[in-house]
Amino acid sequence: MKRKKIVVGNWKMNMTMDQSNSLIKELKSISENDVEIKIAPSFTNLHNAVLLGQLSSSNGQYIEVVAQNIHSEERGAYTGEISAEMLKSIGVKSVIIGHSERRKYFNETDSILSKKVKTAIKYNIGVIFCVGEELSERENNNHFNVIKDQISIGLFDLDAYEINKVVIAYEPVWAIGTGKTANSNQIQEMHEFIRELVKDKFDHLRNKSTNDSAASESLRILYGGSVKPNNAKEIFSLQDVDGGLIGGASLNFADFSTIIKAANG
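Structure representation (structure tokens):
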């Protein structure tokens, strides 16, 4: 089954509104309609990014805006947080949940992330669910168990319909912001493992009477560990890699556009 590639620019805590607007306008000039382009700006830039991203352009390029975080509760006394309803009200279509930086710096556990996933899906907000192992876990040959636990706790409470709203991003923690990247064999091996996990859990639940694609066949799995212009094409050519979650390289138009074009083959 051919799956449309996704390239997500995770801008983290970078760029003012003017800088964000400028980069979005440049991205709108790209004619790569066979690739889904998504960006995750800071919260202060979200609404304006939504408006700019959906503006018509001569080449028909649409930019989907993704939030970097969401709270598991729908509303309440949670200073500094943002709810699914708030994101929905300004046109945000998806949210990143489980990024390694949220897990590490904000102590977000798998059970907390599971609640966030359920809340997002309740509001029909798509989920980019991040998983990944530390270097020590890989060196101790425990990386498959780590990923299995993260996915089973985070996603296995979903039903066969809900899992279709999820994209999984594999981001080996040791390759984020370090300049290191997993080799092609390591990347493909883990992406294939993730697809098999989803297959074992969800494929037998699909509605065969409506010819729905099996969850594992339609699931898109992104790679998110130091994807750069010089390695993107090789990574995106792997059988079970369906795009990338891009950090630092997405802040520069030349680099990001090269990566997007690499996803188009």
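The working numbering numbers the first residue of the sequence shown as 62 and each following residue consecutively. Note that CB positions come from ideal geometry on N, CA and C, so glycine has one too. On a predicted model such as this, the values are computed, not experimentally measured, just so you know.
| Check | Outcome |
| --- | --- |
| Cβ shell of M62 (< 8 angstroms), same chain only, five flanking positions each side left out | S274, E278, S279 |
| Cβ separation of I131 and I98, assumed to be a contact under 8 angstroms, to the nearest whole Å | Going by Cβ atoms, the distance from I131 to I98 rounds to 21 angstroms, so no, they are not a contact pair. |
| Distance cut-off 7 angstroms: Q249 Cβ against heavy atoms of the ligand COA | The model on display carries no ligand, and the ligand COA is accordingly not part of it. |
| Between the CA atoms of Q122 and N168 - distance to the nearest angstrom | 37 angstroms |
| Burial state of T242, where buried means 16 or more other Cβ atoms lie within 10 Å | buried |
| Residue-chain proximity (L258, chain B), Cβ-Cβ < 8 angstroms | Of the chains in the structure shown, none is chain B; there is only one protein chain. |
| R231, DSSP secondary structure in three states | Per the sequence shown, residue 231 should be read as Tyr rather than Arg. Strand at Y231. |
| K209 versus V156, D261, K73, L116, residue with shortest Cα-Cα distance | D261 |
| Through-space distance from I224 to S270, alpha-carbon basis | Summary for S270: the model assigns pLDDT 40, below 50, so the residue's position carries little reliability; its value from the coordinates is reported in the next sentence. Near 18 angstroms, if we compare the C-alpha coordinates of I224 and S270. |
| Distance, R281 Cα to T180 Cα | 21 angstroms |
| E232, buried or exposed, once every other Cβ within 10 Å from all chains shown has been counted against 16 | buried |
| Terminal residues of the alpha helix (DSSP H) in which N82 lies | 78–88 |
| Status (buried if at least 16 other CB within 10 Å, exposed otherwise) for S311 | buried |
| For N71, the residue or residues it bridges with in DSSP | A101 |
| Three-state secondary structure assigned by DSSP to V178 | helix |
| Buried versus exposed, by CB contacts within 10 Å (16 or more), E146 | exposed |
| Own chain residues within Cβ distance below 8 angstroms of Q249, not counting five before or after | L299, Q300, D301, V302 |
| Straight-line gap, N246 to T170 (C-alpha atoms, nearest Å) | 29 angstroms |
| Residue burial classification, M74 (beta-carbon count within 10 angstroms, cutoff 16) | exposed |
| Sequence-distant residues of its chain with Cβ nearer than 7 angstroms to S318 (five each side left out) | I91 |
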